[in-house]
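A.B. asks: One structure, pasted below without further comment.
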Amino acid sequence: MAAPASRLALTLRWPLGLFLGVCLWLGCGQDLPQARAPVDQTRAALAGRASVARLSLGQYHSVGVHSDGSVWAWGFNRQGQLGNGLFTNSPTPVKVKNLTDAVAVASGDSHSLALRSDGTVWAWGDNYSGQLGTGSTAVSAEPVQVQGLSGVLSVASGFAHSAALRSDGTVWAWGDNRYRQLGPLTAGSSSVPVQVPGLGGVIAVAAGGNTTLALRADGTVWAWGDNRSGQLGDGTVTTRGNPLQVLGLTGVVTLSAGASHCVALRSNGTAWTWGLNTMGQLGDGTTTQRSVPAQVGLTDVMAAVAGNYHSLAVRSDGAVWAWGDNRYRQLGNGNMTSSLLPIQAGLSGGITLVAGFKHSLTLRADGTVWSWGDNVFGQLGDGTYQPRMSPVRVATTTLGNPGVASGQLHSVYRDSAGRVWSWGDNEDGQLGNGIGADKLTPALTGLTGAVSVVAGNRHTVVLKGDTTVWAWGVNSRGEVGDGTNANTSQPVRVLGLSGITAISAGAYHSLALRTDGTVWAWGFNRYGQLGNGGTVDQNQPVQVAGLSGVTAIAAGHSHSLALCGDGTVWAWGYNFDGQIGSGTNNWHILPVQAVGLSSVTAITAGGYHSLALRSDGTVWSWGYNGSGQLGNGALASLNAPGPVSNLTGVVSIAAGDYHSLALRSDGTVRAWGFNFDGQIGDGSLTNRHVPVMVAGMSGVVSVIAGDHHSMAMRSDGTTWAWGANTEGQLGDGTRNDSIIPVRVELF
Numbered sequence: 002m003a004a005p006a007s008r009l010a011l012t013l014r015w016p017l018g019l020f021l022g023v024c025l026w027l028g029c030g031q032d033l034p035q036a037r038a039p040v041d042q043t044r045a046a047l048a049g050r051a052s053v054a055r056l057s058l059g060q061y062h063s064v065g066v067h068s069d070g071s072v073w074a075w076g077f078n079r080q081g082q083l084g085n086g087l088f089t090n091s092p093t094p095v096k097v098k099n100l101t102d103a104v105a106v107a108s109g110d111s112h113s114l115a116l117r118s119d120g121t122v123w124a125w126g127d128n129y130s131g132q133l134g135t136g137s138t139a140v141s142a143e144p145v146q147v148q149g150l151s152g153v154l155s156v157a158s159g160f161a162h163s164a165a166l167r168s169d170g171t172v173w174a175w176g177d178n179r180y181r182q183l184g185p186l187t188a189g190s191s192s193v194p195v196q197v198p199g200l201g202g203v204i205a206v207a208a209g210g211n212t213t214l215a216l217r218a219d220g221t222v223w224a225w226g227d228n229r230s231g232q233l234g235d236g237t238v239t240t241r242g243n244p245l246q247v248l249g250l251t252g253v254v255t256l257s258a259g260a261s262h263c264v265a266l267r268s269n270g271t272a273w274t275w276g277l278n279t280m281g282q283l284g285d286g287t288t289t290q291r292s293v294p295a296q297v298g299l300t301d302v303m304a305a306v307a308g309n310y311h312s313l314a315v316r317s318d319g320a321v322w323a324w325g326d327n328r329y330r331q332l333g334n335g336n337m338t339s340s341l342l343p344i345q346a347g348l349s350g351g352i353t354l355v356a357g358f359k360h361s362l363t364l365r366a367d368g369t370v371w372s373w374g375d376n377v378f379g380q381l382g383d384g385t386y387q388p389r390m391s392p393v394r395v396a397t398t399t400l401g402n403p404g405v406a407s408g409q410l411h412s413v414y415r416d417s418a419g420r421v422w423s424w425g426d427n428e429d430g431q432l433g434n435g436i437g438a439d440k441l442t443p444a445l446t447g448l449t450g451a452v453s454v455v456a457g458n459r460h461t462v463v464l465k466g467d468t469t470v471w472a473w474g475v476n477s478r479g480e481v482g483d484g485t486n487a488n489t490s491q492p493v494r495v496l497g498l499s500g501i502t503a504i505s506a507g508a509y510h511s512l513a514l515r516t517d518g519t520v521w522a523w524g525f526n527r528y529g530q531l532g533n534g535g536t537v538d539q540n541q542p543v544q545v546a547g548l549s550g551v552t553a554i555a556a557g558h559s560h561s562l563a564l565c566g567d568g569t570v571w572a573w574g575y576n577f578d579g580q581i582g583s584g585t586n587n588w589h590i591l592p593v594q595a596v597g598l599s600s601v602t603a604i605t606a607g608g609y610h611s612l613a614l615r616s617d618g619t620v621w622s623w624g625y626n627g628s629g630q631l632g633n634g635a636l637a638s639l640n641a642p643g644p645v646s647n648l649t650g651v652v653s654i655a656a657g658d659y660h661s662l663a664l665r666s667d668g669t670v671r672a673w674g675f676n677f678d679g680q681i682g683d684g685s686l687t688n689r690h691v692p693v694m695v696a697g698m699s700g701v702v703s704v705i706a707g708d709h710h711s712m713a714m715r716s717d718g719t720t721w722a723w724g725a726n727t728e729g730q731l732g733d734g735t736r737n738d739s740i741i742p743v744r745v746e747l748f
């Protein structure tokens with residue numbers, strides 16, 4: 002299972018209302034009052050830990066999920082594994098039949114799986130061991146629903162078995178069980194999902210060959226199934242059905258399993274391998290198999306995956322590296338010589354990798370897919386049956402890679418080509434188009450190659466595919482990070498940053514996460530929100546002190562959050578309302594741990610409150626609660642995390658100035674908190690102290706919160722917005738507020 006970049010970049014929200022009065026009261030330059038009425042500056046970003054797989058490879062076929070929710074497949078089709086209702090091979094992508102709202106895919110030797118936004122799983126292709134999960138062993142050339150599964154977050158597949166992670170942190174598996182890859186079940190196979198016992202708090206699942214792996218929220222890896230080559234990593238070669246911990250591995254953020262070997266990426270940017278090594282697929286310079294993990298000689302790794310007998314990695318500079326079997330050109334380096342050590346493949350800019358049986362794929366930041374290796378059945382998708390030593394583009398198809406973000410009064414969108422569009426308020430150049438006029442509908446900026454976009458109050462930050470960071474807009478506090486304090490209406494590069502994997506923007510400060518697990522910050526720092534031990538503004542990035550192994554970041558108005566690989570949350574900055582979650586209201590200019598939280602998989606920060614999503618699908622909140630934004634039915638602020646009421650099955654979260662959003666596994670959206678401008682989206686202007694359903698929203702794959710407006714992206718690629726619209730931030734061509742979602746008029 003590959004662990005690619007997230008389908009969407011999400012983020013933020015902003016203040017308004019009393020801002021001018023507050024400025025006059027405090028004096029210009031003192032941006033944060035000691036007490037606020039519901040409306041003040043804010044913002045926050047969400048960076049999820051576990052990402053959905055948009056590409057997968059079978060033995061001789063390939064599958065990709067488009068950002069519009071459709072699924073495409075190409076290559077061998079004798080068992081119907083292309084899912085188009087036929088049994089004819091195809092050297093170019095064909096659309097999988099009757100499948101919409103997909104967010105992830107996985108493939109076995111001759112079957113495939115798709116996860117839909119409603120949390121259901123669908124399967125097609127070969128079914129001799131019940132790997133389609135339908136209760137029978139009948140082949141299906143088009144998708145059929147896997148029985149009895151709901152609330153699924155991710156899927157994985159081995160040779161002839163399948164696995165799924167549910168939102169409650171449990172793992173379910175079905176299909177072939179001759180090597181106990183389904184768990185301790187004694188039957189040789191199961192045509193319906195069965196729960197793997199003894200596992201909880203799981204945040205990712207991987208399957209390869211006849212082995213299954215699980216990553217827990219504490220960064221440990223657990224494995225079961227075939228172990229004849231040591232691929233369970235427990236120091237033995239004993240096959241077993243009970244999950245046991247892989248030895249010596251902590252701080253793991255992604256997992257991948259090949260035919261008989263495994264690859265894990267740790268939060269410090271190192272890759273670790275174990276199992277079969279006959280072709281050098283472990284990358285340690287030998288052909289000796291290992292029953293415990295050993296480090297690969299690469300640093301600054303962003304993604305690492307295992308194929309049947311080869312492995313791939315992308316480093317922070319975007320370059321792809323490969324090692325192991327190359328008899329079928331699957332290393333992509335222009336020859337057919339296998340390598341016992343990592344060598345650079347002929348491609349850069351990869352953000353998602355998949356290694357298959359005899360071929361490889363990568364998804365680039367511009368949404369294009371590239372492939373190399375064996376092509377006897379057209380599995381490279383380039384319209385030919387010719388093998389390729391170097392990467393070629395898959396037909397003319399793109400899988401898209403859109404993203405959307407919202408600032409105080411402006412919004413930003415990243416399209417499938419990596420271009421950035423913006424609309425709304427432009428008084429300070431925050432639209433990045435070089436002019437000062439507001440825009441009521443999206444218009445292009447001059448930036449390309451974007452993979453993530455976030456927005457502060459009046460500034461915008463973009464992560465590009467080359468792992469550099471760019472910004473524009475208000476810069477009086479150094480929030481653009483270019484070493485000056487001059488506003489800029491066009492993109493400029495943030496100084497000294499590379500190898501960045503995630504970004505977040507607060508009201509007047511910004512954060513960046515590097516592949517080595519460190520966090521960097523710049524901008525306004527009066528309340529210690531930069532976390533460097535001082536309170537002096539910084540117009541270029543400084544390192545947050547004492548943090549390592551970080552997997553996600555979020556910035557509020559004047560506080561910051563970090564999620565570590567062990568599932569704990571750390572925070573620093575302004576804490577008048579308890580938004581740090583330390584159990585006190587003391588400000589902290591260095592990171593401190595939020596109390597009572599574990600198994601956290603995602604974080605987000607509102608204006609003066611914070612949210613955390615746990616592996617069991619529940620949401621926890623703390624901080625200011627004057628408008629009910631903590632969602633616990635009360636209005637009292639909390640300085641320690643507590644559960645949001647009546648909310649389960651959540652897969653992502655977002656926080657606005659004084660309201661909160663949650664996306665459930667069924668594709669519906671819940672909202673709560675301040676609703677003066679209709680930002681809750683339930684058709685009213687009434688504050689909500691517990692979560693309520695946003696009207697008319699289904700098939701949603703991403704939620705975003707602005708200061709007083711909200712946005713959602715659906716699996717069909719459309720973007721919807723609701724709430725305040727005084728500066729055109731809803732993007733519907735008007736300045737009319739909306740208490741229910743309206744479609745953003747993109748392009």
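In the working numbering, each residue carries its 1-based index in the sequence shown increased by 1. Built from N, CA and C at the ideal position, the CB exists for glycine as well. Since the structure is predicted, the reported quantities are computational estimates derived from the model, not experimental observations.
(1) Can you find at least 3 beta carbon pairs, one from the segment 552-565 and one from the segment 614-623, that sit closer than 8 angstroms?
(2) Spell out a yes or no on whether the segment 84-103 and the segment 138-152 are touching, meaning 3 or more CB-CB pairs, one atom from each, closer than 8 angstroms.
(3) Going by DSSP in three states, P185 sits in which element: helix, strand or coil?
(4) What's the C-alpha gap between Q182 and G308?
(5) How about G176 and S130: do their beta carbons lie closer than 9 angstroms?
(6) Is it right to say N327 is buried, meaning 16 or more other beta carbons lie within 10 angstroms of its own, or is it exposed?
(7) Hey, A556 and S511 are a contact pair by Cβ (cut 8 angstroms); roughly how many whole angstroms apart?
(8) Helix, strand or coil for R715, going by three-state DSSP, please let me know.
(9) Write down the C-beta distance between G270 and T516 rounded to the nearest angstrom, noting that I regard them as a contact closer than 8 angstroms.
(10) In angstroms, rounded to a whole number, what distance separates the CA positions of L731 and D708?
(11) Please identify the residue among G607, G668, L664 and N647 whose C-alpha is closest to the C-alpha of V691.
(12) Where does M280 sit, in a helix, a strand or coil, going by DSSP?
(13) A272 to L154, Cα distance in whole Å?
(14) Since V253 is in the beta strand (DSSP E), which residue starts that stretch and which ends it?
(15) Quick one: Cα of A38 to Cα of S628, how far?
(16) Between which two residues does the beta strand (DSSP E) harbouring S511 extend?
(17) Closer than 8 angstroms: is that where the CB of S57 sits relative to any heavy atom of the ligand ZN?
(18) In the segment 636-699, which residue ranges form an unbroken beta strand (DSSP E) of at least 3 residues, counting only runs that do not cross its ends?
(19) Which one of A655, G236 and D538 has the shortest CA to CA distance from G607?
(20) Apart from the five residues on each side of it in sequence, which residues of its chain come closer than 7 angstroms, Cβ to Cβ, to S616?
(21) If we call anything under 9 angstroms between Cβ atoms a contact, is V462 one with V452?
(22) Over what stretch of residues does the beta strand (DSSP E) that includes R316 continue unbroken?
(23) Just checking my contact of N228 with P185 at CB under 8 angstroms: how many whole Å lie between their CB atoms?
(24) Of all the options L639, S703, W673 and G684, which has the alpha carbon lying nearest to the alpha carbon of D667?
(25) Among S191, R316 and W523, whose alpha-carbon lies nearest the alpha-carbon of Q544?
(26) Using DSSP with H/G/I as helix, E/B as strand and the rest coil, what is V97?
(27) Starting from H558, follow the beta strand (DSSP E) in both directions and report where the run begins and ends.
(28) Roughly how many angstroms separate the alpha carbons of G568 and L598, rounded to a whole number?
(29) Can you list, in chain order, the residues of its chain with a C-beta nearer than 6 angstroms to that of A51? Leave out the 5 residues immediately preceding and following it.
(30) Can you tell me where the beta strand (DSSP E) with V745 in it begins and where it stops?
(31) Could you check the C-alpha separation between A161 and G199 for me, to the nearest Å?
(32) What three-state label does DSSP hand M303 in the structure shown?
(33) Any idea which residues DSSP pairs G624 with across the strands?
(34) To the nearest angstrom, report how far apart S163 and L83 are at their CA atoms.
(35) Under a Cβ-count criterion, where at least 16 other Cβ atoms within 10 Å of its own Cβ denotes burial, should F88 be classed as buried or exposed?
(36) Is the beta carbon of T449 less than 9 angstroms from the beta carbon of T502?
C.D. replies: Here's the rundown:
(1) no
(2) yes
(3) Taking the first residue of the sequence shown as position 1, residue 185 is located at position 184. If DSSP states are grouped into helix, strand and coil, P185 belongs with coil.
(4) Along the sequence shown, one-based indexing puts residue 182 at 181. Along the sequence shown, one-based indexing puts residue 308 at 307. Roughly 18 angstroms separates the two Cα atoms.
(5) What you label residue 176 is simply residue 175 of the sequence shown in a count that begins at 1. What you label residue 130 is simply residue 129 of the sequence shown in a count that begins at 1. Their beta carbons are under 9 angstroms apart, which means G176 touches S130 by this criterion.
(6) One-based indexing of the sequence shown puts residue 327 at position 326. Answer is buried; the Cβ neighbour count reaches 16.
(7) Locating residue 556 in the sequence shown gives position 555, where the first residue counts as 1. Locating residue 511 in the sequence shown gives position 510, where the first residue counts as 1. About 7 angstroms; that satisfies the 8 angstroms criterion.
(8) Here residue 715 corresponds to residue number 714 of the sequence shown, with the count starting at 1. Residue state, collapsed to three classes: strand.
(9) Numbered from 1 along the sequence shown, position 269 holds the residue referred to as residue 270. Numbered from 1 along the sequence shown, position 515 holds the residue referred to as residue 516. Contact holds; Cβ gap of about 4 angstroms.
(10) By one-based count along the sequence shown, residue 731 stands at place 730. By one-based count along the sequence shown, residue 708 stands at place 707. L731 and D708: Cα-Cα distance of roughly 12 angstroms.
(11) Within the sequence shown, residue 691 is the residue found at index 690, counting from 1. Ranking the options by Cα distance to V691, first place goes to N647.
(12) For the purposes of this step, residue 280 is identified with residue 279 of the sequence shown, where counting begins at 1. In this structure, M280 counts as coil in the three-state DSSP scheme.
(13) Working through the sequence shown from its first residue, we reach residue 272 at position 271. Working through the sequence shown from its first residue, we reach residue 154 at position 153. So the alpha carbons of these two residues sit roughly 24 angstroms apart.
(14) By one-based count along the sequence shown, residue 253 stands at place 252. Looking at the DSSP string, the run of the beta strand (DSSP E) that includes V253 is V253 to A258.
(15) What you label residue 38 is simply residue 37 of the sequence shown in a count that begins at 1. What you label residue 628 is simply residue 627 of the sequence shown in a count that begins at 1. Low per-residue confidence applies at A38: pLDDT is 30, beneath 50, and the placement is therefore not dependable enough to give any value.
(16) Here residue 511 refers to the residue found at position 510 of the sequence shown. That run of the beta strand (DSSP E) goes H510 to R515.
(17) For the ligand ZN, the structure offers nothing, since it holds no ligand at all.
(18) 639-644, 651-656, 660-665, 670-674 and 689-694
(19) In the sequence shown, residue 607 corresponds to position 606, counting from 1. Of the candidates A655, G236 and D538, the one whose C-alpha sits nearest the C-alpha of G607 is A655.
(20) Here the question's residue 616 lines up with position 615 in the sequence shown. Excluding residues within five positions, the ones whose Cβ falls inside 7 angstroms are G170, G202, V203, I204, A218, S600 and T602.
(21) Residue mapping note: residue 462 aligns to position 461 of the sequence shown, counting from 1. Residue mapping note: residue 452 aligns to position 451 of the sequence shown, counting from 1. Their beta carbons are not under 9 angstroms apart, which means V462 does not touch V452 by this criterion.
(22) If you number the sequence shown from 1, residue 316 lands on position 315. From DSSP, the beta strand (DSSP E) with R316 extends over H311 to R316.
(23) Taking the first residue of the sequence shown as position 1, residue 228 is located at position 227. Taking the first residue of the sequence shown as position 1, residue 185 is located at position 184. In fact, because the Cβ distance is near 14 angstroms, the residues do not count as touching under 8 angstroms.
(24) Counted from its first residue, the sequence shown places residue 667 at position 666. Minimum Cα distance to D667 is reached at S703.
(25) Locating residue 544 in the sequence shown gives position 543, counting from the first residue. For the residues S191, R316 and W523, the minimum Cα distance to Q544 belongs to W523.
(26) Working through the sequence shown from its first residue, we reach residue 97 at position 96. V97 falls in the coil class under three-state DSSP.
(27) By one-based count along the sequence shown, residue 558 stands at place 557. Careful: H558 lies outside any beta strand (DSSP E) and carries neither H nor E.
(28) On the sequence shown, residue 568 is found 567 positions in, with the first residue counted as 1. On the sequence shown, residue 598 is found 597 positions in, with the first residue counted as 1. Cα to Cα, the separation comes out at about 8 angstroms.
(29) By 1-based counting over the sequence shown, the position of residue 51 is 50. For A51, the predicted model reports a pLDDT of 32, less than 50, meaning its position is unreliable; a value from the coordinates is still stated below. Here the set comprises I204 and A205.
(30) Residue mapping note: residue 745 aligns to position 744 of the sequence shown, counting from 1. It is not in any beta strand (DSSP E) - V745 carries neither H nor E in the DSSP assignment.
(31) In the sequence shown, counting from the first residue as 1, residue 161 sits at position 160. In the sequence shown, counting from the first residue as 1, residue 199 sits at position 198. If you take the alpha carbons of A161 and G199, they lie about 23 angstroms apart.
(32) Taking the first residue of the sequence shown as position 1, residue 303 is located at position 302. Strand at M303.
(33) Here the question's residue 624 lines up with position 623 in the sequence shown. Note: G624 sits in a beta bridge opposite H610 and L639.
(34) Residue mapping note: residue 163 aligns to position 162 of the sequence shown, counting from 1. Residue mapping note: residue 83 aligns to position 82 of the sequence shown, counting from 1. Taking the straight line joining both Cα atoms gives about 17 angstroms.
(35) Counting from 1 along the sequence shown, the entry for residue 88 is found at position 87. Flag for F88 reads exposed.
(36) In the sequence shown, residue 449 corresponds to position 448, counting from 1. In the sequence shown, residue 502 corresponds to position 501, counting from 1. Result no, Cβ atoms of T449 and T502 do not sit closer than 9 angstroms.
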